[in-house]
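In the UniProt record's numbering, the protein residues as written are 1 to 367.
Notes for the one structure printed next.
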Ligand SMILES: [Zn+2]
């Protein structure tokens with residue numbers, strides 16, 4: 001999200017990044033672009049059929065056909081539109097409040113729910129627990145990654161698990177989540193045919209399982225063997241008796257078209273907290289881990305997502321360039337967030353022991 005070098009790929013805009021082995025060749029291309037073969041052909045007709053089979057099996061006597069995770073972003077808005085309008089599903093919209101969302105998240109989610117005549121549930125997780133959880137994700141050295149990817153990896157899994165637990169308790173058989181194809185892959189839920197992709201996904205999942213075990217141990221150590229570790233770091237993404245469905249692996253993912261559709265049909269508004277050029281939204285924590293990745297001179301997983309989307313032609317390079325040009329770290333906001341998380345001292349310590357160079361946030365927190 002923030003640039004740390006002018007050495008970037010001319011095709012996908014990814015920055016040179018020794019940590020992730022991203023190099024830029026003399027023609028100005030990164031090794032991902034240089035080695036990229038065409039996107040694997042997917043049989044969308046067959047996938048759509050598979051999707052329709054899943055929803056055809058639903059229990060029609062239940063109060064809701066499914067629960068839909070509603071983050072207020074364009075992906076969940078588009079998914080809600082498709083599931084209700086095209087497939088006529090009766091859905092409960094779930095918006096999870098982790099305590100660090102922007103107000104627009106709730107405004108967007110509620111506009112969409114009203115517009116599509118969906119019941120809506122805003123579920124606020126115990127704020128004290130969330131504060132402790134995020135402090136742990138940002139500052140515990142046992143799980144720290146150079147690109148700060150641990151924050152979203154763990155939190156993403158926890159939120160999906162939370163949604164499926166709620167659905168299970170309410171007797172709702174299906175949970176729909178609007179994660180994009182890259183994110184689905186990183187959660188190990190992607191339908192893959194290519195043997196290399198399957199191996200890569202299995203490898204990624206083995207790492208996640210390993211990291212999860214480490215996290216549970218570190219959490220329990222820091223919280224006197226408190227059992228919440230199992231709850232916050234689930235090994236399985238989904239609760240029992242619930243089917244978790246990621247619609248964007250059954251239909252082509254076309255972010256630009258999707259955004260245009262939801263703006264036109266649902267009065268959906270782009271959340272411009274990260275940049276005046278909207279590509280994706282997220283919670284307040286995104287800016288902090290993006291800033292930390294930038295201090296460590298690494299791309300973060302969102303940078304990788306954008307570069308994949310450019311490479312696959314789903315987003316124009318000019319949009320990505322504008323996004324980065326218009327995004328800047330706001331140190332006051334980051335410092336305020338750090339204080340809200342009650343972790344100024346821990347973060348300062350972490351910054352001085354794990355981040356080589358003096359950085360602006362460290363100075364700000366010290367002042
Ligand atoms: Zn590239």
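Backbone N, C-alpha and C fix where the C-beta goes; we use that ideal spot for every residue, glycine too.
Note that the coordinates shown come from a computational prediction; the quantities given were computed from them, not determined experimentally.
Please classify residue i as buried or exposed, where buried requires at least 16 other C-beta atoms within 10 Å of its C-beta.
{"i": "residue 234", "result": "buried"}
{"i": "residue 56", "result": "exposed"}
{"i": "residue 129", "result": "exposed"}
{"i": "residue 287", "result": "buried"}
{"i": "residue 202", "result": "exposed"}
{"i": "residue 213", "result": "exposed"}
{"i": "residue 190", "result": "buried"}
{"i": "residue 84", "result": "buried"}
{"i": "residue 44", "result": "exposed"}
{"i": "residue 28", "result": "exposed"}
{"i": "residue 328", "result": "exposed"}
{"i": "residue 88", "result": "exposed"}
{"i": "residue 308", "result": "buried"}
{"i": "residue 239", "result": "buried"}
{"i": "residue 158", "result": "buried"}
{"i": "residue 198", "result": "exposed"}
{"i": "residue 281", "result": "buried"}
{"i": "residue 65", "result": "buried"}
{"i": "residue 163", "result": "buried"}
{"i": "residue 98", "result": "buried"}
{"i": "residue 183", "result": "buried"}
{"i": "residue 196", "result": "exposed"}
{"i": "residue 17", "result": "buried"}
Does the beta-carbon distance from residue i to residue j come in below 8 Å?
{"i": "residue 188", "j": "residue 208", "result": "yes"}
{"i": "residue 139", "j": "residue 350", "result": "yes"}
{"i": "residue 192", "j": "residue 275", "result": "no"}
{"i": "residue 112", "j": "residue 80", "result": "yes"}
{"i": "residue 364", "j": "residue 331", "result": "yes"}
{"i": "residue 346", "j": "residue 7", "result": "no"}
{"i": "residue 15", "j": "residue 322", "result": "no"}
{"i": "residue 311", "j": "residue 36", "result": "yes"}
{"i": "residue 181", "j": "residue 243", "result": "no"}
{"i": "residue 82", "j": "residue 109", "result": "no"}
{"i": "residue 50", "j": "residue 324", "result": "no"}
{"i": "residue 369", "j": "residue 68", "result": "In the structure displayed, the chain extends from 1 to 367; residue 369 sits before or after that span and is not available."}
{"i": "residue 144", "j": "residue 354", "result": "yes"}
{"i": "residue 290", "j": "residue 2", "result": "yes"}
{"i": "residue 12", "j": "residue 24", "result": "no"}
{"i": "residue 253", "j": "residue 314", "result": "yes"}
{"i": "residue 171", "j": "residue 62", "result": "yes"}
{"i": "residue 122", "j": "residue 106", "result": "yes"}
{"i": "residue 279", "j": "residue 104", "result": "no"}
Check the C-beta distance from residue i over to residue j and give it rounded, since I have them as a contact under 8 Å.
{"i": "residue 161", "j": "residue 94", "result": "Actually they are not in contact, since the Cβ atoms of residue 161 and residue 94 sit about 13 Å apart, beyond 8 Å."}
{"i": "residue 247", "j": "residue 185", "result": "About 15 Å separates the two Cβ atoms, so there is no contact after all."}
{"i": "residue 285", "j": "residue 131", "result": "No, residue 285 and residue 131 are not in contact; Cβ-Cβ is about 11 Å, not under 8 Å."}
{"i": "residue 21", "j": "residue 146", "result": "Not confirmed; about 12 Å, so no contact."}
{"i": "residue 218", "j": "residue 154", "result": "Residue 218 to residue 154, Cβ: 11 Å. No contact."}
{"i": "residue 32", "j": "residue 133", "result": "At roughly 33 Å, the Cβ-Cβ gap does not stay under 8 Å, so residue 32 and residue 133 are not in contact."}
{"i": "residue 362", "j": "residue 4", "result": "Incorrect: roughly 16 Å between the Cβ atoms, too far for contact."}
{"i": "residue 273", "j": "residue 102", "result": "5 Å"}
Is residue i near ligand 2, with its Cβ less than 7 Å from a heavy atom?
{"i": "residue 207", "result": "Only ligand 1 can be found as ligands here, which leaves ligand 2 out of the picture."}
Would you call the stretch 156-171 and the stretch 79-98 in contact, with 3 or more CB pairs under 8 Å?
Contact between the stretch 156-171 and the stretch 79-98 is present: three or more C-beta pairs spanning the two stretches fall below 8 Å.
Are the stretch 331-340 and the stretch 299-313 in contact at 8 Å, needing three or more beta carbon pairs?
No, because fewer than three Cβ pairs between the stretch 331-340 and the stretch 299-313 fall closer than 8 Å, the two stretches do not touch.
Which residues neighbour ligand 1 when neighbourhood means a C-beta less than 7 Å away from any of its non-hydrogen atoms? List them by chain order.
9, 11, 12, 14, 29, 30, 32, 33, 307, 311
The stretch 67-77 touching the stretch 260-277, judged by at least three CB pairs closer than 8 Å:
yes
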